[in-house]
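K.L.:
Pasting a structure below so you can have a look.
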DNA sequence: ACCAAAACTGACCAAACGGTCAACTTGTTT
DNA sequence: AAACAAGTTGACCGTTTGGTCAGTTTTGGT
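Protein chains in written order, with the working numbering: chain A, 2 to 237; chain B, 2 to 237.
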């Protein structure tokens, strides 16, 4: 998706904010966004300063303004990128798939995001925590639509007797919380476990626990072993 | 806990930071802390300004500095108060009590905190999210000790065959996440559910869902109906 | 009524902040 | 190699920030 960059098109001469442009532009912007992800995660929007962001990106401050205009626009660009990641994870949840295959795939996808993109998770969490001032419209429209459609899928599973009659939305809320806590509250979890970093062992234990609670807790009946459905990992 | 205030003791003449003092002092400080809880929750530590905090408390800025010295000391005082609340909630988890009584009591206590003190929950979440720079030592010592002792209790339950063999610590992580998400991610949940505020109905649904996942998911066996143990609510 | 301690306040300050700009260098096209 | 756009940079600016302070009012014990 997104318009292809047409080399013949006249580009605007003042700072453009589309994600198009030349080699240098794209690589610089990605570089800045990567640094911003870490800094915003650690300090929050208000706590992060442009000087910090610039230092983390290894560029002069004016450079960030050249590409993104303002601190807020940089932040929004970062948020939008993170959002796309988050939305795609739910692609596992489709009507034809048995919950005993779909739910583990979803849980794995969400835990993988927590493991591989902890800063992104924290930026998103921070945004929602403070009332989602930059995401309000999105949450009420796009996300709500998506969740509604997933809720219909889960209700279908319930109707077919594949699992207990549970509230699909609250199931998702708790599933999100359980998986994202390993990114967002990583500091607390590390402290309690007494480990320097969350590694494969911790995420394996987390996966087992979430799987158990969700599958057993929702009474997901073992499916008729159509092996094909089972072990495919979720796209992303 | 905490030293009793001795009226004969000489008080320091420069701004004291103990939670002792006259009527006015205590009521003013509590008033400021209540306002700070809301503002820090909404804006984070870096995003909140002393002017905002003062306006929310209905006092001139200099007044906050008179009582708390600096923004950071005010924030720490707030955090410490919140911490005490959080720790007490786990008092339900004791060896003699059957998990079918203890776990529901704990879940209710945690959900009650999310419902009644959402700002406090958000301040705590925000702090941990950003690496807990003001709580590091606490997390690694006090909290860790407490969790270790609760883990022993749960292992006792498992040994007695009262529930499945699960990792006690990860059970707690997910239980915390599932209950706190209704405060910390309230914005997202409201948007998805399309309600103006989370009320009794939403918290009832949350309670049912968390209960189901934890009790059924952990295979908590129904206890021998010693009615006395059952319905007592957790202290706090 | 008296008075010292406590509480309160508006005005003020240095530092840090987000953002701008003109000058300069590098890249790209023809 | 000329010509123009894209990218880079240090210096600068108006505003906001956390914090201070001298001076005033209120409180509470005697």
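Just so you know, even glycine gets a beta-carbon here, dropped at the ideal spot from N, CA and C.
Quick check on the DSSP output: what are the complete alpha helix (DSSP H) runs of length 4 or more inside the segment 79–164 of chain A, in order along the chain?
P.N.:
100–117, 119–130, 145–160
K.L.:
Which one of A:134, A:182, A:63 has the shortest CA to CA distance from residue 114 of chain A?
P.N.:
A:182
K.L.:
Tell me where the alpha helix (DSSP H) around residue 24 of chain B begins and ends.
P.N.:
24–48
K.L.:
Under 8 Å Cβ-Cβ, which residues of chain A neighbour residue 168 of chain B?
P.N.:
Under the 8 Å cutoff, chain A gives 206, 209, 210.
K.L.:
Of all the CB atoms in chain B, is at least one closer than 8 Å to the CB of residue 199 of chain A?
P.N.:
No, no contact with chain B.
K.L.:
For chain B, check one thing: does any of its Cβ atoms lie closer than 8 Å to the Cβ of residue 71 of chain A?
P.N.:
no
K.L.:
Give the interface partners of residue 89 of chain A over in chain B, defined as CB-CB distance under 7 Å, in chain order.
P.N.:
Ordered by position in chain B, no residue passes the 7 Å Cβ test against residue 89 of chain A, which lies about 17 Å from the chain.
K.L.:
For residue 187 of chain A, which residues in the same chain have their Cβ closer than 7 Å to its Cβ, ignoring the five residues on either side in sequence?
P.N.:
119, 199
K.L.:
If contacts are defined as beta-carbon pairs under 8 Å, then residue 170 of chain B and residue 192 of chain A qualify, I think. What distance do you get, rounded to the angstrom?
P.N.:
So it is not a contact: roughly 11 Å between Cβ atoms.
K.L.:
Between residue 190 of chain A and chain B, is the shortest Cβ-Cβ distance under 8 Å, so that the two count as touching?
P.N.:
yes
K.L.:
Just to confirm before moving on: does the CB-CB distance between residue 166 of chain B and residue 122 of chain B stay below 8 Å?
P.N.:
no
K.L.:
Is DSSP giving residue 218 of chain B helix, strand or coil here?
P.N.:
The three-state secondary structure of residue 218 of chain B, taken from DSSP, is helix.
K.L.:
Could you tell me which chain B residues have their CB closer than 8 Å to the CB of residue 129 of chain A, listed as they occur along the chain?
P.N.:
185, 186, 188, 189
K.L.:
What are the boundary residues of the alpha helix (DSSP H) that includes residue 182 of chain A?
P.N.:
169–185
K.L.:
Using a Cβ-Cβ cutoff of less than 6 Å, which residues in the same chain neighbour residue 219 of chain A once the five nearest sequence positions on both sides are dropped?
P.N.:
164, 165, 167
K.L.:
Could you pull out every residue in the same chain whose Cβ sits closer than 7 Å to the Cβ of residue 57 of chain A, ignoring the five residues on either side in sequence?
P.N.:
36, 39, 40
K.L.:
When you compare only the Cα positions, how much space is there between residue 62 of chain A and residue 112 of chain A?
P.N.:
35 Å
K.L.:
Going by DSSP in three states, residue 56 of chain A sits in which element: helix, strand or coil?
P.N.:
The answer is helix: DSSP assigns residue 56 of chain A an H, G or I state.
K.L.:
DSSP three-state call for residue 14 of chain A: helix, strand or coil?
P.N.:
With a pLDDT of 34 at residue 14 of chain A, under the threshold of 50, the modelled position of that residue is not reliable, and no figure is offered here.
K.L.:
Report the rounded CA-to-CA distance for residue 98 of chain B versus residue 52 of chain B, giving the unit in angstroms.
P.N.:
49 Å
K.L.:
How big is the Cα-Cα spacing for residue 215 of chain B and residue 203 of chain B?
P.N.:
18 Å
K.L.:
Which residues in chain B sit within 7 Å of residue 34 of chain A, going by Cβ to Cβ distance?
P.N.:
The contacting residues do not exist; residue 34 of chain A stays about 19 Å from chain B at best.
K.L.:
DSSP three-state label for residue 198 of chain A, please.
P.N.:
Residue 198 of chain A falls in the coil class under three-state DSSP.
K.L.:
So does the segment 203–213 of chain A actually touch the segment 79–87 of chain A, counting three or more Cβ pairs closer than 8 Å?
P.N.:
no
K.L.:
Give a yes or no on whether the minimum CB-CB distance between residue 193 of chain A and chain B is below 8 Å.
P.N.:
yes
K.L.:
Considering only the alpha carbon of each residue, which of A:55, A:72, A:96 lies closest to residue 157 of chain A?
P.N.:
A:96
K.L.:
For residue 148 of chain A and residue 67 of chain B, I'd like the C-alpha separation in whole angstroms.
P.N.:
49 Å
K.L.:
Determine the chain B residues that contact residue 217 of chain A at a beta-carbon separation under 9 Å, and present them in chain order.
P.N.:
165, 214, 217, 218, 219, 220
K.L.:
Whole angstroms are fine: how far does the CA of residue 142 of chain A sit from the CA of residue 196 of chain B?
P.N.:
Between residue 196 of chain B and residue 142 of chain A, the alpha-carbon positions lie close to 13 Å from each other.
K.L.:
Using a beta-carbon distance below 8 Å, is residue 43 of chain A in contact with chain B?
P.N.:
yes
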